[in-house]
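Residue numbers (the numbering used here), protein chains in the order written: chain A, 1 to 328; chain B, 329 to 649.
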Amino acid sequence: MREITYLEAIREAMTQEMERDESVFLIGEDIGTYGGAFQVTHGMYEQFGPERILDTPITELGLTGAATGAALIGMRPIAEIMFMDFTTLASEQLVNQAAKLRFMFGGKASVPMVLRTPAGSGTGAAEHHSQSLENWFVHVPGLKVVMPTTPYDAKGLLLASIRDNNPVVFVEHKLLYKTKGEVPEEDYTIPLGQADVKRSGTDLTIVATSIMVSRSLEAAEELAKEGINVEVVDPRSLRPLDTGTIVESVKKTGKVLIVHEAVKTGGFGGELAGVIAESEAFGYLEAPIVRLAGREIPIPYNRTLEQNAVPQVANIVEKARDIVQLKV
Amino acid sequence: MKKAEHLELYRQMVVIRRLEESAAHLYQEGKIGGFLHLYIGQEAVSTGLISMRQPQDRVITAYRDHGVAINCGISANAVMAELLGKETGTSKGRGGSMHMADTEKNFWGGHAIVGAHLPIAAGLALGDQYEENDAVTICMFGDGATNIGFFHEALNLSAVWDLPVLWVCENNQYGMGTEIKRASAVEEMRQKAEGYGMPNLRTEGGMDIMQVREAAGDAIEHIRSGKGPFFLEIVTYRFVGHSMGDPERYREKEEVTKWREDDPIGIYNKYLVDEKVAKAADLDKVEAEAEAEVEAAVKFAEESPEPALDTLFDHVYVEEN
Ligand SMILES: Cc1ncc(C[n+]2csc(CCOP(=O)(O)OP(=O)(O)O)c2C)c(N)n1
Ligand SMILES: [Mg+2]
Chain A
1 MREITYLEAI
11 REAMTQEMER
21 DESVFLIGED
31 IGTYGGAFQV
41 THGMYEQFGP
51 ERILDTPITE
61 LGLTGAATGA
71 ALIGMRPIAE
81 IMFMDFTTLA
91 SEQLVNQAAK
101 LRFMFGGKAS
111 VPMVLRTPAG
121 SGTGAAEHHS
131 QSLENWFVHV
141 PGLKVVMPTT
151 PYDAKGLLLA
161 SIRDNNPVVF
171 VEHKLLYKTK
181 GEVPEEDYTI
191 PLGQADVKRS
201 GTDLTIVATS
211 IMVSRSLEAA
221 EELAKEGINV
231 EVVDPRSLRP
241 LDTGTIVESV
251 KKTGKVLIVH
261 EAVKTGGFGG
271 ELAGVIAESE
281 AFGYLEAPIV
291 RLAGREIPIP
301 YNRTLEQNAV
311 PQVANIVEKA
321 RDIVQLKV
Chain B
329 MKKAEHLELY
339 RQMVVIRRLE
349 ESAAHLYQEG
359 KIGGFLHLYI
369 GQEAVSTGLI
379 SMRQPQDRVI
389 TAYRDHGVAI
399 NCGISANAVM
409 AELLGKETGT
419 SKGRGGSMHM
429 ADTEKNFWGG
439 HAIVGAHLPI
449 AAGLALGDQY
459 EENDAVTICM
469 FGDGATNIGF
479 FHEALNLSAV
489 WDLPVLWVCE
499 NNQYGMGTEI
509 KRASAVEEMR
519 QKAEGYGMPN
529 LRTEGGMDIM
539 QVREAAGDAI
549 EHIRSGKGPF
559 FLEIVTYRFV
569 GHSMGDPERY
579 REKEEVTKWR
589 EDDPIGIYNK
599 YLVDEKVAKA
609 ADLDKVEAEA
619 EAEVEAAVKF
629 AEESPEPALD
639 TLFDHVYVEE
649 N
């Protein structure tokens, strides 16, 4: 099968859906001629023109609200927020409005929009351009939160997100944009709320999100050389969450390591740990549930500090080994 | 103004230019990471503006901040070291290009969320008003920043409370790749100050430090005399891309070439010679010194230590209470 990048997979999903469905349009800052800060929408302005690729002023709150309003009357806007850090500005319209309008109106309206945004560190972009804030939105009933790791998942999940009748926060990762993988040319969807076992194993379950899935897979390779057989589960969507796949995996391995880039305190790992502890997997646990996540600091500029602020492959290997050897 | 003062301002402008040219090289070599926004073309704005401040006056700006840092008296060494992420940098390598700051120099940063520092500027001015300090806060931002909510809330607050703040819009005619007419409902940014009943001025003389100084001097005088905030729009132009790697698909090469004829350093050089303030040889000497200063700064930065790993958790909270 043909290979394309994660970035191209996202662009292809949007392009195909815009060709198929007239009600889909893009709204965001410098997504037109500029092509977006990461060039995700490069060339789309030339194909679809200014009516469907809406370049906005610098106005995260305004554009998120405009997407919400248009979605209310049947459009399917895809809003781009240039960096996840700027979703803090968009969050009023997203959290208080888009997420709640349907409920507040007794089911009389819906907000079928997608808000795409790149999260994550590793580019030296420092405190204001590197955060992973997905769990802020996971906390809000009415929103869905999706975090693809592979090009294949990115395309299928984005198509599903656009067709979903609810507001979806679609969290991309800057460091994944250039990664390649097999992606079918035709259109396909991956249902939200379906986890994927990215590698099967018997000794330990790693539940990881976004770039930490790739790092966990690398770690699993290392560990395999030592005879440690790791299973890597990617929830792919954090809300709704496929608890079944996670619980089954933990029942099989009896040990679990949760890995994400976002700061540990208040991060999604706490939710995962809770889900596992409350489930029938609890009785199967042979070791404490362990979380490996971002340190309790903002993302620093300096490269070495930055790398040490979030889990790297070596940290995952070490933690996994400790759990398997019951040193935790 | 005395010759020595002129030569000092000329030095600052040349240091900024040379420092940023070096930074561009270092970025291409991979020694600087993240985003690097150059100020090349706009040097007369902050140099002129900040030359009119008293030491107690505060300065705060956006991410295009290397020049502002130099004008505030931060050494080229400390700026370059910050760019390379070293412990000797202005922000100890934590902030990088977009977050230069030195509170002792009354420079309150380098902010990378567009518009986010405007309410903070209102707060600095509020604190000074509360304490009855004789200080003006000079807040610089771009044309693009006038379209975000922060701007409007901050301007309104400052007007309602008569805060001692000078709002300086550096209108370089683009916010990233978006030209003003596609992003702003009004053509002149100062018109937005009208909406808040705020005295304002727009000067087209942003490439000419002497015109910037005049406009800034009057504005600061207005605020210091207790008449509340003032809005100054300074028209300028960035000669290079929005940040490193910008393919600049949104503007014509000819437009850039035309603006480059009005190089702020060239204009100042000519003024100083024409007005017989300095001889060409004096200016050549300043330029050579500036170049040496920047070369030394690169060396200093490269030789400076990285932040130690055991300081990873420093500076998140104040530990002493
Ligand atoms: C809230 C927010 N939205 C978007 C960005 C991305 N961004 C960085 S600079 C910039 C353009 C700002 O233009 P302007 O205010 O005119 O300043 P200039 O870069 O021209 O100096 C944009 C959109 C950001 N940093 N913060
Ligand atoms: Mg601008």
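No residue lacks a Cβ here, since even glycine has one placed at the ideal position from N, Cα and C.
| Item | Value |
| --- | --- |
| Once DSSP output is grouped into helix, strand and coil, what is the label at Lys613 (chain B)? | helix |
| Under 8 Å, with one C-beta from each stretch per pair, do the stretch 520-537 of chain B and the stretch 449-469 of chain B reach the 3-pair mark? | no |
| Where are the beta strand (DSSP E) runs, 3 residues long or more, that stay fully inside the stretch 444-511 of chain B, in chain order? | 465-470 and 493-499 |
| Could you give the C-beta distance for Arg566 (chain B) and Ile368 (chain B), rounded to a whole number, given that I count them as a contact under 8 Å? | 7 Å |
| Tell whether a beta-carbon distance below 9 Å holds between Ser200 (chain A) and His260 (chain A). | no |
| Counting only Cβ pairs nearer than 8 Å, list the residues of chain A close to Asn499 (chain B). | Result: empty, since nearest Cβ-Cβ is about 14 Å, beyond 8 Å. |
| Should Arg392 (chain B) be counted as a contact of ligand 1 given a C-beta to heavy atom distance under 8 Å? | yes |
| Following a CB-centred definition, is Gly395 (chain B) positioned closer than 8 Å to any heavy atom of ligand 1? | no |
| Please name the residue, chosen from A:Gln307, A:Asn302, A:Asn308 and A:Glu306, that lies closest to Ala634 (chain B) on a Cα-to-Cα basis. | A small correction: the amino acid at residue 634 (chain B) is Glu; Ala does not occupy that position in the sequence shown. Among A:Gln307, A:Asn302, A:Asn308 and A:Glu306, the Cα nearest to that of Glu634 (chain B) is on A:Asn302. |
| State the DSSP-derived secondary structure class of Asp385 (chain B), mapped to helix, strand or coil. | coil |
| My guess is that Tyr6 (chain A) and Ala154 (chain A) are in contact by the Cβ rule of under 8 Å, so how many angstroms apart are they, rounded? | 5 Å |
| Between Thr202 (chain A) and Lys252 (chain A), is the Cβ-Cβ spacing less than 9 Å? | yes |
| To test your reading of the DSSP string, which unbroken beta strand (DSSP E) runs of 3 or more residues are found completely within the stretch 209-259 of chain A? | 230-234 and 237-239 |
| Using a Cβ-based criterion (distance less than 8 Å to any ligand heavy atom), does Gln501 (chain B) qualify as near ligand 2? | yes |
| On the premise that Val40 (chain A) lies in contact with Ile4 (chain A), defined as a C-beta separation below 8 Å, what is that separation, rounded to the nearest angstrom? | No, Ile4 (chain A) and Val40 (chain A) are not in contact; Cβ-Cβ is about 13 Å, not under 8 Å. |
| In three-state terms, what does DSSP make of Arg346 (chain B)? | helix |
| For Leu637 (chain B), is the classification buried or exposed, using 16 other Cβ atoms within 10 angstroms of its Cβ as the cut-off for buried? | exposed |
| Name the two residues that bound the continuous alpha helix (DSSP H) containing Arg541 (chain B). | Ile537 to His550 |
| Kindly indicate which three-state DSSP category Asp602 (chain B) falls into: helix, strand or coil? | helix |
| Taking Leu303 (chain A) as the query, report the chain B residues whose CB atoms sit under 7 Å from its CB, ordered along the chain. | Looking at the sequence shown, residue 303 (chain A) is not Leu but Arg. Correct list: Gly361 and Gly413. |
| Can you pull the chain B residues whose beta carbon is under 7 Å from the beta carbon of Ile297 (chain A), in chain order? | Leu640, Phe641 and Val644 |
| Check the Cβ-Cβ distances between Asn405 (chain B) and every residue of chain A, and say whether any is below 9 Å. | no |
| The alpha helix (DSSP H) with Val373 (chain B) in it runs from where to where? | Glu371 to Ile378 |
| Put Arg577 (chain B) into one of helix, strand or coil per three-state DSSP. | coil |
| Please confirm whether Phe173 (chain A) has its beta-carbon closer than 9 Å to some beta-carbon of chain B. | The amino acid at residue 173 (chain A) is misidentified as Phe; the sequence shows His. With 9 Å as the cut-off, His173 (chain A) does not count as an interface residue toward chain B. |
| What did DSSP end up calling Val310 (chain A) once you bin it into helix, strand or coil? | coil |
| Below 8 Å, can you find three or more Cβ-Cβ pairs linking the stretch 261-271 of chain A to the stretch 75-95 of chain A? | no |
| Identify the contact partners of Asn475 (chain B) in chain A, using a Cβ-Cβ distance below 7 Å as the criterion. | Pro57, Ile58 and Thr59 |
| At 9 Å on the CB atoms, spell out the chain B contacts of Leu48 (chain A), in chain order. | Strictly speaking, residue 48 (chain A) in this sequence is Phe, with Leu absent from that position. Those do not exist, as Phe48 (chain A) stays about 17 Å from chain B at its closest Cβ, beyond 9 Å. |
| Within the present structure, is the beta-carbon of Gly505 (chain B) separated from the nearest heavy atom of ligand 2 by less than 8 Å? | no |
| Is there a Cβ from chain A that is less than 9 Å from the Cβ of Ala440 (chain B)? | yes |
| Do Ala473 (chain B) and Phe479 (chain B) have their C-beta atoms within less than 9 Å of each other? | yes |
| Compare the C-alpha of Lys327 (chain A) against each of A:Glu286, A:Gly122 and A:Ile276 and name the closest. | A:Glu286 |
| Quick one: is Val250 (chain A) buried, meaning 16 or more other Cβ sit within 10 Å of its Cβ, or exposed? | buried |
| Roughly how many whole angstroms lie between the Cα atoms of Met1 (chain A) and Glu182 (chain A)? | 6 Å |
| Do Gly142 (chain A) and Lys100 (chain A) come within 9 Å of each other at the CB atom, strictly closer than that value? | yes |
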